[in-house]
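Colleague: My structure is below; once you've seen it, I'll send some questions.
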Amino acid sequence: MFTSVGTLLKTLPKRSKIPDAVLAIHIRSAFDDALKATCSDLPAAVLTSIHALSFKNKVLTISSPRLVSVELSMRSGKLLGEVNKILGRRVVLRLRFKTA
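Residue numbers for the sequence shown follow this note's numbering, beginning at 146 and rising by one.
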């Protein structure tokens, strides 16, 4: 009967003026999917410690443990490309890592 919020977010028109909060939720969801695809070789415990914190001025801020942040920064090109591929356009220009 009801459509899930995740499904609604993925069906938003590409060129509409999406409110910033909805866009941020959509980008966080895309980051989670990109992380699973790009970093599938990392242990599950490590993947659960990585979180997208905020999206502002086309910069996605990510929180993770120190050593994981170093590994993710080395993979940032692939992660960034995968996030934008999932979104269907170039929305995120840079990833910023904060240690938890």
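Built from N, CA and C at the ideal position, the CB exists for glycine as well. Given the structure is predicted, the values throughout are model-derived calculations rather than measurements.
Do you know how far the Cα of Thr148 is from the Cα of Ser221?
Modeller: If you number the sequence shown from 1, residue 221 lands on position 76. If you number the sequence shown from 1, residue 148 lands on position 3. Their backbone Cα atoms lie some 33 Å apart in a straight line.
Colleague: Could you check what DSSP says for Ser174 in three-state terms: helix, strand or coil?
Modeller: Looking up residue 174 in the sequence shown gives position 29. In this structure, Ser174 counts as helix in the three-state DSSP scheme.
Colleague: Taking the C-alpha atoms as reference points, what is the distance between Gly233 and Glu227?
Modeller: By 1-based counting over the sequence shown, the position of residue 233 is 88. By 1-based counting over the sequence shown, the position of residue 227 is 82. Computed Cα separation, rounded: 10 Å.
Colleague: Bridge partners for Val204 per DSSP, in chain order?
Modeller: As a working mapping, residue 204 is identified with position 59 in the sequence shown. Beta-bridge pairing links Val204 to Lys201, Arg239.
Colleague: Only counting the same chain, and skipping five residues up and downstream in sequence, which positions put a Cβ closer than 8 Å to that of Leu168?
Modeller: As a working note, residue 168 is residue 23 in the sequence shown. Same-chain partners within the cutoff: Phe200, Val236.
Colleague: Could you check what DSSP says for Ser221 in three-state terms: helix, strand or coil?
Modeller: Along the sequence shown, one-based indexing puts residue 221 at 76. Helix at Ser221.
Colleague: Look at Ser209 and Ile195 and say whether their C-beta atoms are less than 8 Å apart.
Modeller: Taking the first residue of the sequence shown as 1, we reach residue 209 at position 64. Taking the first residue of the sequence shown as 1, we reach residue 195 at position 50. Against a cut-off of 8 Å, the Cβ pair of Ile195 and Ser209 comes out as a contact.
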